[in-house]
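Participant:
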Amino acid sequence: MQKTIRKLSQNQKVIKFLKDNSNKKFTAREIAENITQLYEQEYELKRKPFSSHNDFISQVVSEIGRNKDYLIKASIQLQDKPRPRVFWYDSEEIKVPGKELVNKFSEKDLYPLLIEFLNNEFGLFCLRINEKTSSNLKGLNGNKWLHPDIVAMQVLDKEWDSAVQDCAKASSGQNVKLWSFEVKKELTSSNVRESFFQAVSNSSWANEGYLVATSIPDNILNELRILSSLHGIGVILLAEKDISESDILLPAKQKIEVDWQSVNRIVKENKDFKEYIDYISVYYRTGKIFKNNWNK
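Sequential numbering from 0 applies to the sequence shown in numbering that gives the first Met the number 0.
1) Where S245 and E62 are concerned, what is the direct C-alpha to C-alpha distance, given to the nearest angstrom?
2) Less than 8 Å separating the beta-carbons of W21 and S90?
3) Under a Cβ-count criterion, where at least 16 other Cβ atoms within 10 Å of its own Cβ denotes burial, should E256 be classed as buried or exposed?
4) Considering only DSSP beta bridges, list what K183 is partnered with.
5) Apart from the five residues just before and just after P96, which ones in its own chain have a Cβ nearer than 7 Å to its Cβ?
6) Is it the case that the segment 267-275 contacts the segment 228-247, given that we only count it when at least three CB pairs across the two stretches are under 8 Å?
7) So the beta strand (DSSP E) G233 belongs to, where does it begin and stop?
8) Give the range of the beta strand (DSSP E) segment to which L248 is assigned.
9) Counting along the chain, where does the alpha helix (DSSP H) carrying I63 start and finish?
10) In the DSSP assignment, find the unbroken beta strand (DSSP E) run with Q76 in it and report its ends.
11) Are there three or more Cβ pairs, one per stretch, closer than 8 Å when the segment 272-284 is compared with the segment 203-215?
12) Considering only the beta carbon of each residue, do C125 and N118 sit closer than 8 Å?
13) So the beta strand (DSSP E) V257 belongs to, where does it begin and stop?
14) Roughly how many angstroms separate the alpha carbons of A151 and Q78, rounded to a whole number?
15) To the nearest angstrom, how far is it from the Cα of Q76 to the Cα of L109?
16) Hey, out of S8, F55, E39, T35, whose CA is closest to Y69's CA?
17) How far does the alpha helix (DSSP H) with R28 in it extend, from its first residue to its last?
18) Can you grab the Cα-Cα spacing for the pair R192 / N218, in whole Å?
19) Can you grab the Cα-Cα spacing for the pair S179 / Q173, in whole Å?
20) State the DSSP-derived secondary structure class of A372, mapped to helix, strand or coil.
21) Measuring alpha carbon to alpha carbon, tell me which of G122, P147, S261, L123 ends up nearest T132.
22) So, are the CB atoms of K24 and E106 less than 8 Å apart?
23) Quick check: what's the CA-CA separation for N294 versus F55?
24) Quick one: what does DSSP say F289 is sitting in, helix, strand or coil?
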């Protein structure tokens with residue numbers, strides 16, 4: 000007796016396609032175009048009622064979107080922001096826990112993109128903090144998780160009347176805000192907690208601290224919300240292809256006071272960070288910003 004070959008459901012087709020193209024990201028439309036070509040005969044009947052190819056593909060796209068929960072249960076990764084939504088299968092996370100997805104951007108490539116976004120969107124004056132300029136006087140791992148990747152100064156009193164500026168300084172009022180950013184290429188279920196607590200450790204001194212990544216699957220967003228509410232660290236999704244599409248997913252809790260004791264420790268250990276504090280000191284004393292010193 001001849002065995003009949005069981006046809007795959009559409010969800011199974013999607014999962015198979017993503018697993019066959021593991022670690023590559025696809026929009027629902029790209030998936031729909033591919034599976035309807037790969038299984039062309041099986042889609043002939045479904046295609047008939049539609050007056051155009053675009054209408055037919057749009058229907059398949061809609062069905063893929065409606066079944067996202069099923070796909071997530073099958074270890075398919077999903078990212079909603081920035082739009083359009085993308086799906087992928089992360090074979091590295093299954094086979095080698097803790098290993099990040101490989102993409103064409105290195106973590107260091109993301110620093111100038113983040114600086115550009117922060118300067119354009121929030122008017123921040125940013126600096127890169129290079130771990131190679133740390134003294135390492137405390138030995139191996141003595142400065143682990145000590146300082147972030149990017150730091151920034153936000154000037155609050157730029158448009159204030161000069162008398163108000165003087166009053167703020169005399170009363171120890173806040174006329175600048177200090178920001179801190181820890182950058183990761185991608186967050187996964189295997190590295191999210193370590194990455195988050197690295198941001199907590201590196202940003203405890205600042206008024207606002209953020210964890211930044213180019214990929215944040217929906218299935219870890221809920222954990223990030225819980226961690227953010229407990230520890231106050233915000234989360235930024237950096238869109239490397241179009242930085243204007245970058246988004247603050249979770250705003251940081253603002254701390255009124257800077258932890259100057261922690262700042263002093265980092266100043267003693269890292270030359271780049273000392274330069275950052277020197278520039279802030281110049282602004283406190285003179286009200287001047289030398290733009291050539293910043294955003295590099």
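Beta carbons are placed, not taken as given, at the ideal position from N, Cα and C, and that holds for glycine.
Remember, predicted model here, so these are calculated numbers, not experimental data.
Facilitator: Quick answer:
1) Position 246 of the sequence shown, counted from the start, is the residue given in the question as residue 245. Position 63 of the sequence shown, counted from the start, is the residue given in the question as residue 62. Approximately 27 Å, taken between the alpha carbons.
2) As a position in the sequence shown, residue 21 is number 22, starting the count at 1. As a position in the sequence shown, residue 90 is number 91, starting the count at 1. The identity of residue 21 in the sequence shown is Ser, whereas the question assumes Trp. In contact: S21 and S90 (Cβ atoms closer than 8 Å).
3) Position 257 of the sequence shown, counting from 1, holds the residue named residue 256. Answer is exposed; the Cβ neighbour count stays below 16.
4) On the sequence shown, residue 183 is found 184 positions in, with the first residue counted as 1. In DSSP, K183 forms a bridge with A212.
5) As a working mapping, residue 96 is identified with position 97 in the sequence shown. Note that P96 scores 39 on pLDDT, short of 50, meaning its location in the model is unreliable and no value can be drawn from it.
6) no
7) The sequence position of residue 233 within the sequence shown is 234, counting from 1. That run of the beta strand (DSSP E) goes 233-236.
8) Along the sequence shown, one-based indexing puts residue 248 at 249. Note, L248: beta strand (DSSP E), 246-249.
9) Counted from its first residue, the sequence shown places residue 63 at position 64. Segment 52-65, the alpha helix (DSSP H) holding I63.
10) In the sequence shown, residue 76 corresponds to position 77, counting from 1. Counting along the chain, the beta strand (DSSP E) containing Q76 begins and ends at 75-78.
11) no
12) Translated into positions along the sequence shown, residue 125 becomes position 126. Translated into positions along the sequence shown, residue 118 becomes position 119. A contact, by the Cβ cut-off of 8 Å.
13) On the sequence shown, position 258 is the one that residue 257 refers to. It is not in any beta strand (DSSP E) - V257 carries neither H nor E in the DSSP assignment.
14) In the sequence shown, residue 151 corresponds to position 152, counting from 1. In the sequence shown, residue 78 corresponds to position 79, counting from 1. Each residue's alpha carbon lies about 28 Å from the other.
15) Locating residue 76 in the sequence shown gives position 77, where the first residue counts as 1. Locating residue 109 in the sequence shown gives position 110, where the first residue counts as 1. So the two alpha carbons sit approximately 22 Å from each other.
16) Within the sequence shown, residue 69 is the residue found at index 70, counting from 1. Per the Cα distances, S8.
17) Position 29 of the sequence shown, counted from the start, is the residue given in the question as residue 28. 27-37 is the span of the alpha helix (DSSP H), which, as asked, contains R28.
18) If you number the sequence shown from 1, residue 192 lands on position 193. If you number the sequence shown from 1, residue 218 lands on position 219. Approximately 13 Å between the Cα atoms of the pair.
19) On the sequence shown, position 180 is the one that residue 179 refers to. On the sequence shown, position 174 is the one that residue 173 refers to. Rounded to whole angstroms, S179 to Q173 spans 17 Å at the Cα level.
20) An answer regarding residue 372 cannot be provided, because it is not within the stretch 0 to 295 covered by the chain.
21) Your numbering for residue 132 matches position 133 in the sequence shown. Considering only alpha carbons, the answer is P147.
22) On the sequence shown, position 25 is the one that residue 24 refers to. On the sequence shown, position 107 is the one that residue 106 refers to. No. Outside cutoff.
23) Counting from 1 along the sequence shown, the entry for residue 294 is found at position 295. Counting from 1 along the sequence shown, the entry for residue 55 is found at position 56. About 48 Å.
24) Reading the sequence shown from its first residue, position 290 is the one you call residue 289. Looking at F289 - three-state DSSP - the assignment turns out to be coil, as it is neither helix nor strand.
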